[in-house]
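Participant: A single structure is presented below for examination.
Protein chains: 4
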Amino acid sequence: MMIVMKQAASEEEIAAVIARVEGAGARAHVIRGEEITVIGAVGDREHIGRLGLDSDPGVDHVVPILKPYKLASSQVRKGERSVLEIGGAKIGGEHFAMIAGPCTVESRDQTLSTARLVRESGAQFFRGGAYKPRTSPYSFQGLGVEGLALLAQAKQETGLPIVTELMDVRDLEAVVEVADVIQVGARNMQNYTLLTEIGRSGCPALIKRGFSSTLEELLMAAEYVMKEGNENVILCERGIRTFETAYRFTLDLMAVPILKEQTHLPVVVDPSHAAGRRDLVLPLSLAAAAIGADGIIVEIHPEPDEAICDGPQALRNDDFPAYFDQVLKAAALAGKTVSADV
Amino acid sequence: MMIVMKQAASEEEIAAVIARVEGAGARAHVIRGEEITVIGAVGDREHIGRLGLDSDPGVDHVVPILKPYKLASSQVRKGERSVLEIGGAKIGGEHFAMIAGPCTVESRDQTLSTARLVRESGAQFFRGGAYKPRTSPYSFQGLGVEGLALLAQAKQETGLPIVTELMDVRDLEAVVEVADVIQVGARNMQNYTLLTEIGRSGCPALIKRGFSSTLEELLMAAEYVMKEGNENVILCERGIRTFETAYRFTLDLMAVPILKEQTHLPVVVDPSHAAGRRDLVLPLSLAAAAIGADGIIVEIHPEPDEAICDGPQALRNDDFPAYFDQVLKAAALAGKTVSADV
Amino acid sequence: MMIVMKQAASEEEIAAVIARVEGAGARAHVIRGEEITVIGAVGDREHIGRLGLDSDPGVDHVVPILKPYKLASSQVRKGERSVLEIGGAKIGGEHFAMIAGPCTVESRDQTLSTARLVRESGAQFFRGGAYKPRTSPYSFQGLGVEGLALLAQAKQETGLPIVTELMDVRDLEAVVEVADVIQVGARNMQNYTLLTEIGRSGCPALIKRGFSSTLEELLMAAEYVMKEGNENVILCERGIRTFETAYRFTLDLMAVPILKEQTHLPVVVDPSHAAGRRDLVLPLSLAAAAIGADGIIVEIHPEPDEAICDGPQALRNDDFPAYFDQVLKAAALAGKTVSADV
Amino acid sequence: MMIVMKQAASEEEIAAVIARVEGAGARAHVIRGEEITVIGAVGDREHIGRLGLDSDPGVDHVVPILKPYKLASSQVRKGERSVLEIGGAKIGGEHFAMIAGPCTVESRDQTLSTARLVRESGAQFFRGGAYKPRTSPYSFQGLGVEGLALLAQAKQETGLPIVTELMDVRDLEAVVEVADVIQVGARNMQNYTLLTEIGRSGCPALIKRGFSSTLEELLMAAEYVMKEGNENVILCERGIRTFETAYRFTLDLMAVPILKEQTHLPVVVDPSHAAGRRDLVLPLSLAAAAIGADGIIVEIHPEPDEAICDGPQALRNDDFPAYFDQVLKAAALAGKTVSADV
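Sequence order for the protein chains is A, B, C and D. Read in the numbering used here, the first sequence has 169 at position 160, and its numbers run on one by one without any break. Read in the numbering used here, the second sequence has 291 at position 282, and its numbers run on one by one without any break. Read in the numbering used here, the third sequence has 350 at position 341, and its numbers run on one by one without any break. Read in the numbering used here, the fourth sequence has 263 at position 254, and its numbers run on one by one without any break.
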């Protein structure tokens, strides 16, 4: 941690900061420039952080040097990328994964026909929501346990690993029974209770970036899960909030290469929610794959016009195979391919 | 809902949209301009919304007309403002309320001495955290039930109503036993499970605006609580995320007059978290009171330098009485005062 | 324009708005819903806009329906895309264009060696700055007329059309003598004087999106140029400002497909400035090309470590040919290629 | 400048950075933590900055320590605040100033009647636009020289100093003849040509913050003017762009206390443009004055419904005296008053 003193800081103020740093058991390195003095504090970061030096007399600001996440950081793996193996599917490193399915599980037919298509097209995971976070309390909130039962059927019939969202810790047990990957929605990215319990469950997690969360906060969310001993975490960029009103969210594709620099965890992109429009799903997916995403999580539906939820952004099932082909070509530009043995 | 057609929309496309609207049991009003046709759809908004007309051929975009919240809207009270009476304190309308206390309950001494000061200064509520949402899993997470016990003591001794945060639905029962107002943190503003359960508990709620949530989303969070029959909701602006890096969050004081136009619920401001600096608490509080906030929720501490959490932003207990005096003068400019009988 | 009345609006207020609309020579269509009345105003938008109906009694808000830009809109070309032909190079439609060169023209050697490389690699335009907008008045501001002379030499020797920035209207004459495309920097996107004069000059323009400008504002900037009879405008996305601090700007690749829906003008992407890092130029360029950009404008330098300006984001000249090859593969996924005859 | 090395940086990489720093004539201080090494570079910041160390092998990132502005910084005045005296009016320090007048100069009557009212109410400056920056090229662009003549009349008749906007450097001479303060609009905040020429003119400047500019960038704009020897600069907060769509801009009142910490220059607030609504002008002005602004620049009009431009946000002339009284009460809370001798 570097403590930058004000230009007008007195010698007494500088000495007082040094004393406080050393009192916390850390070493203080003083660098005197012509205009400003900077004090480097080396030692236990929790102890130093707790001093709250920002508001000490003469202190201009404090610059943290170390990243606050540990288990999620690239360094812990010395630059090697994590490859997760989940229900026979691989994701991460050179392994690209397609995660497809409906926004919401609505019926037996809709679920199973879509799951079969996903399987036949060669995709790696089946996604479907039984619990839906909705901005309005008056909107459809998902089929709940009935939806989980349909997902279990889809899994049994196709063998595809299942990705589904958990919103309420009290549903954890039921969800873990069918989920191969628990999805944490953007609005719950900082629901620390949920993250901790998922960590304890040992079930792999796919964490969506909050729509106004920094990459560091996303990594801290992963850290909450990993701290409990569960290292199977997938990160997901799904669009952030900006001033632009021409689209719902701004898909932040720069997050992909930067996250891959900061963490060993796989990074996927959701091209469905940012635009909320079917016709943008393909171009956004091509860009995501070309920039190096480890996978795509996309919404598809047999008849989007009849969908209970988010129909306008769902690809039609019939269009999915051709879409997937195109995406794989873009992934190949980034040196990625789906594992042959899946 | 107004459906704006593309300039190039064909007559067939216009007719198809009209048919879809009427098929949902709504009336379609067609307005033909020289360049563009607009179709007004009048009827049940849920039904019309579910059609997903945005992605119909020839449709440019859809403009929702009705606000999605109902119970929280100003109209439901015909412009009359809600005055909440909680544990002898009034908030809303002409009643200004000061909510003060430590970020975190740390010890018996710290809690009780601060509560006494808050009482003696004439403030309306005592705040204190037993469960703390922390970005890092490695940070102090609060005293938990032990903290709740200290709050209960403070309440017993001072008679002040207690404001404290709930993060995990499984703690609801324990929290409700001591809390007069349950605080929902910014990161949990869209934790719909939590909101619904607080609604069912009947305990008044103070909901902090998510740091990237629109005012409409904040009102939808209130709606989640109110839909369960619990109308005692206080809204809180605490800073939003912007591109500016000179402060942690940008306190959005415009939210106060706009919220008061949109909702009958009381609106308070938290001046402590946005800047994270003690010296900015007074100017931000003066501005908040002058712009018409119904109250302030502020962090104070007997010895901020020793605080476990957020010390640099806490006012010193000793400075609180003079601070409160100044804030009341600013509130008076907006026609507000604390109730005499409190 | 749709005027949405407040729920509590009286019949008198509704009648008054109708009278005001009709008084401006427009027709008023009244749509009465159960909760809210909406008045559609059809007629001259300037006249209606000038009424300032937003603040009339009983009016909740006003929704503009027509886009404010005309010449730049897709509709004016009935969906056909503009293909610009500039100095033998084509851009737009199926024609992908690579615009490469140094951030700043520094010396004869640097300029000519880079221009030759750009030519040999098959790129379409040579870029180089003689006037540099710098945040600090203490930074190097460009070689000025001397830089223009170097660009003229580069043009003469390679035959490549030149893209260079204009900041001061008083330099227009000198710049037009060498520029085939005048670049308008992000900070000048709403410098209306500059835009108008460039429009009058007849010289093609490349307008960079302001780092906090909406797409509509970018199109209005184009409209300023086009209104003067100059239809040769290229739009450029170069990164917007968001809350994320891990990069300088967030490259908004969604802007590409949305702009191509709204306008017939070519859209290019600048992958150099958002990240400010050489190693991100390739992945960002691949994503830009895959999402359908009509071209890339990229900074290259023979020895980036020695560059006066923005060296860390410049590709090395030696790496440019291989980079360009990769980008063309991504462009091919979006159905684009460079014109054979260039 | 602190150079933070990557955790995996080798000894060679560390040595290379040290050599580069020392090669630029600076001193290198090495701080070795358990996980990370940081190198402090002390010396000429321009030289060190030009090295572009961010992209050197082994470097994680670079933290600038010194502020890039000098003349605008608080330190240059050792904490003393600048009080500008312009045409008999004082602004800065304890001197609050009210700057009022129409958005646009429209006619002799409108201009003179408003100027007289401003004078009689005891305000310090008269504002009015002759050149208007408009998003649309089809909108009214101001009366130009004719408008300047009306401002000259207003000045002659009332003796009030005049604040008016300059957009085109070619109009500088004409504007300086009547202006006591040249206003630089938000869209021109980084029009460096304009800033430099205003600096050379010696005429005081009021610079509006760009709607997505950081405070540091605003101070750099001031620096462009001051570098030319013109120290009479007033800064103006007028609203920034955020994700919130309930208002046009988010008035960032936190900017006021932070700017006053960073610079000795006076800081004023424009309460008219952010909301664009007359009814919000008073509450926003009260908040601005209470938080410590050195003045307010507000739009007023004899008949806002007839205004050519921005009528909905203009206060009615008739309401101005009472408004000003209220604002002064709020300013008094921050220890400010208008100078008696004005």
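Using N, Cα and C, we set each Cβ at its ideal position, and we do this for glycine too.
From E22/A to M10/D, what does the alpha carbon distance come to, in whole angstroms?
Facilitator: Walking along the first sequence from the start, residue 22/A turns up at place 13. Walking along the fourth sequence from the start, residue 10/D turns up at place 1. About 21 angstroms.
Participant: For a contact defined as C-beta to C-beta under 7 angstroms, what are the partners of P77/D on chain B?
Facilitator: One-based indexing of the fourth sequence puts residue 77/D at position 68. Residues of chain B passing the Cβ test: none, with the nearest at roughly 13 angstroms.
Participant: Return the residues of the segment 130-147 of chain C that lie within a Cβ-Cβ distance of less than 8 angstroms from chain D, sorted by chain order.
Facilitator: Interface annotation for the segment 130-147 of chain C against chain D: P142, R143, T144, S145, P146, Y147, criterion Cβ-Cβ distance under 8 angstroms.
Participant: Listed in chain order, which residues of the segment 226-249 of chain C have Cβ atoms closer than 9 angstroms to some Cβ of chain A?
Facilitator: Listed by position, the residues of the segment 226-249 of chain C near chain A (Cβ gap below 9 angstroms) are G248, I249.
Participant: Does the contact criterion of 3 or more C-beta pairs under 8 angstroms hold for the segment 105-114 of chain B versus the segment 127-136 of chain B?
Facilitator: With a cut-off of 8 angstroms, the segment 127-136 of chain B and the segment 105-114 of chain B count as touching, because enough Cβ pairs lie within range.
Participant: Taking 7 angstroms as the threshold (beta carbon to beta carbon), is S221/D in contact with chain C?
Facilitator: Translated into positions along the fourth sequence, residue 221/D becomes position 212. It does; some Cβ of chain C falls within 7 angstroms.
Participant: Check whether the segment 249-259 of chain D touches the segment 247-259 of chain B, taking contact to mean three or more Cβ pairs, one atom from each stretch, closer than 8 angstroms.
Facilitator: yes
Participant: Using only the alpha-carbon positions, how far apart do V351/B and K141/B sit?
Facilitator: Along the second sequence, one-based indexing puts residue 351/B at 342. Along the second sequence, one-based indexing puts residue 141/B at 132. Note that V351/B has pLDDT 43, beneath the 50 cutoff, so the model's placement of it is unreliable and no number is given.
Participant: Using a Cβ-based criterion (distance less than 6 angstroms to any ligand heavy atom), does H273/A qualify as near the ligand NAP?
Facilitator: Ligands are entirely absent from the displayed structure, and the ligand NAP is therefore not among its contents.
Participant: Give the secondary structure of I23/D by DSSP, where H, G and I count as helix, E and B as strand, and everything else as coil.
Facilitator: In the fourth sequence, the residue the question calls residue 23/D occupies position 14. I23/D falls in the helix class under three-state DSSP.
Participant: Going by Cα to Cα distance, which pick from L80/B, A37/B, G32/B is closest to H273/B?
Facilitator: Within the second sequence, the letter at position 264 stands for residue 273/B. Selected option, being the one with the closest Cα: L80/B.
Participant: Please report the distance separating the alpha-carbon of E237/B from that of I100/B.
Facilitator: Here residue 237/B refers to the residue found at position 228 of the second sequence. Here residue 100/B refers to the residue found at position 91 of the second sequence. A direct Cα-Cα distance of roughly 22 angstroms separates E237/B from I100/B.
Participant: What does Q263/D pair with, by DSSP beta-bridge criteria?
Facilitator: Here the question's residue 263/D lines up with position 254 in the fourth sequence. Correcting the residue type first, residue 263/D is Met in the shown sequence and not Gln. Partner(s): none; M263/D has no beta bridge.
Participant: Using a Cβ-Cβ cut-off of 8 angstroms (strictly less than) and excluding sequence neighbours within five positions of R29/A, which residues of its own chain qualify?
Facilitator: What you label residue 29/A is simply residue 20 of the first sequence in a count that begins at 1. Around R29/A: L60, L62, D65.
Participant: Which of the residues in the segment 262-273 of chain A, read from start to end, lie with their CB under 7 angstroms from any CB of chain C?
Facilitator: L262, M263, P266, I267
Participant: Is the CB of A338/A under 7 angstroms away from at least one CB in chain C?
Facilitator: The sequence position of residue 338/A within the first sequence is 329, counting from 1. One detail in the question is off: residue 338/A reads as Lys in this sequence, not Ala. Answer yes: the Cβ-Cβ gap between K338/A and chain C drops below 7 angstroms somewhere.
Participant: Quick one: does V114/A have its CB under 7 angstroms from some CB of chain D?
Facilitator: By 1-based counting over the first sequence, the position of residue 114/A is 105. Answer no: the Cβ-Cβ gap between V114/A and chain D never drops below 7 angstroms.
Participant: Give the DSSP-derived three-state secondary structure of L169/B in the structure shown.
Facilitator: The residue given as residue 169/B occupies position 160 in the second sequence. Residue state, collapsed to three classes: coil.
Participant: Assuming E206/D is part of the alpha helix (DSSP H), what are its boundary residues?
Facilitator: Within the fourth sequence, residue 206/D is the residue found at index 197, counting from 1. Start and end: 201-210.
Participant: In terms of alpha-carbon separation, which member of G34/C, A255/C, Y78/C lies closest to G285/C?
Facilitator: As a first step, residue 285/C is located in the third sequence; it is residue number 276 there, counting from the start. Checking every option, the nearest Cα to that of G285/C belongs to A255/C.
Participant: When the distance is taken between beta carbons, is A33/D closer than 7 angstroms to I57/D?
Facilitator: Here residue 57/D refers to the residue found at position 48 when the fourth sequence is read from its first residue. Here residue 33/D refers to the residue found at position 24 when the fourth sequence is read from its first residue. Cβ distance < 7 angstroms, so I57/D and A33/D count as in contact.
Participant: Go ahead and pull the three-state DSSP assignment for D319/B.
Facilitator: As a position in the second sequence, residue 319/B is number 310, starting the count at 1. Correct three-state label for D319/B: coil.
Participant: Since V290/D and E246/D are thought to touch, with beta carbons under 8 angstroms apart, how far apart are those beta carbons, to the nearest angstrom?
Facilitator: If you number the fourth sequence from 1, residue 290/D lands on position 281. If you number the fourth sequence from 1, residue 246/D lands on position 237. Their Cβ separation, rounded to whole angstroms, is 15 angstroms, which puts V290/D and E246/D out of contact at 8 angstroms.
Participant: Answer with yes or no whether the minimum CB distance from Y256/D to chain B is below 7 angstroms.
Facilitator: On the fourth sequence, residue 256/D is found 247 positions in, with the first residue counted as 1. Residue-level contact check: Y256/D touches chain B, since one or more beta carbons of chain B fall below 7 angstroms from its beta carbon.
Participant: Which two residues bound the contiguous alpha helix (DSSP H) that contains M11/D?
Facilitator: The count along the fourth sequence starts at 1 and reaches residue 11/D at position 2. No alpha helix (DSSP H) contains M11/D, which is instead part of the beta strand (DSSP E) from 11-14.
Participant: Please name the residue or residues paired with T346/D in a DSSP beta bridge.
Facilitator: Counting from one through the fourth sequence, the residue named residue 346/D turns up at place 337. H104/D.
Participant: Is it the case that the Cβ atoms of V184/C and G208/C are separated by a distance below 7 angstroms?
Facilitator: Here residue 184/C is taken as the residue at index 175 of the third sequence, counted from 1. Here residue 208/C is taken as the residue at index 199 of the third sequence, counted from 1. Not closer than 7 angstroms, so no.
Participant: State whether the segment 222-234 of chain B contacts the segment 211-226 of chain D, with contact taken as three or more CB pairs (one from each stretch) at a distance under 8 angstroms.
Facilitator: no
Participant: Leaving out five residues on either side along the sequence, give the residues of the same chain with a beta carbon under 8 angstroms from the beta carbon of T346/B.
Facilitator: Reading the second sequence from its first residue, position 337 is the one you call residue 346/B. Only E103, H104, F105, L337, A340 meet the Cβ criterion.
Participant: Contact criterion: CB-CB distance below 7 angstroms. Does G301/B meet it with respect to chain D?
Facilitator: Looking up residue 301/B in the second sequence gives position 292. Yes - at least one Cβ of chain D is within 7 angstroms of the one on G301/B.
Participant: Is F135/B helix, strand or coil by DSSP?
Facilitator: Translated into positions along the second sequence, residue 135/B becomes position 126. If DSSP states are grouped into helix, strand and coil, F135/B belongs with the strands.
Participant: Per DSSP, which residues does G355/C bridge with? Please list them.
Facilitator: No answer is possible for residue 355/C: it lies beyond the span of chain C, which begins at 10 and ends at 351.
Participant: Answer with buried or exposed for Q119/B, where buried requires no fewer than 16 other C-beta atoms within 10 angstroms of its C-beta.
Facilitator: Numbered from its first residue, the second sequence carries residue 119/B at position 110. Buried, because 16 or more other Cβ atoms sit within 10 Å of the Cβ of Q119/B.
Participant: Answer with yes or no whether the minimum CB distance from M176/D to chain A is below 7 angstroms.
Facilitator: The residue given as residue 176/D occupies position 167 in the fourth sequence. So no, M176/D is outside the interface.
Participant: Using beta carbons (cut-off 7 angstroms, strictly below), is Q199/A in contact with chain B?
Facilitator: Taking the first sequence and counting its residues from 1, the one referred to as residue 199/A is at position 190. Yes, Q199/A lies at the interface with chain B (some Cβ there is under 7 angstroms from its Cβ).
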